Amino acid sequence: VKLRLSPRPSRASWSQVYGVAMLGGIGFTMSLFIAALAFPADGLLNETAKVGILLGSALSAIVGLLFLRFVARPGGR
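Under the working numbering, read the sequence shown as residues 100 to 176, first letter to last.
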């Protein structure tokens, strides 16, 4: 939107765009794949990375949903 590659949807506020961007942090499949490649021999580091990735994804989901629910009201600008 800032680079004018695409217009912001006319009915979406900036706070709604920001809330959806927070929900984008939920995707963790690629992070798990990279962690498995980074720590193939060390099970403890791999497990620690998985826990961190899953906690980060859960936190992103919770914060994004709360932000959209309480801050980014429909129709708000």
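Just so it is clear, CB atoms sit at the ideal spot from N, CA and C, and this is done for glycine as well. All values reported here derive from a predicted model rather than from experimental measurement.
Check	Outcome
Beta-carbon proximity of L153 to F169, cut-off 8 angstroms	no
The segment 105-123 touching the segment 142-157, judged by at least three CB pairs closer than 8 angstroms	no
Residue burial classification, G118 (beta-carbon count within 10 angstroms, cutoff 16)	buried
CB of A148 within 8 angstroms of CB of A160, strictly	no
Cutoff 6 angstroms; reference A140; Cβ partners in own chain excluding five residues on either side	none
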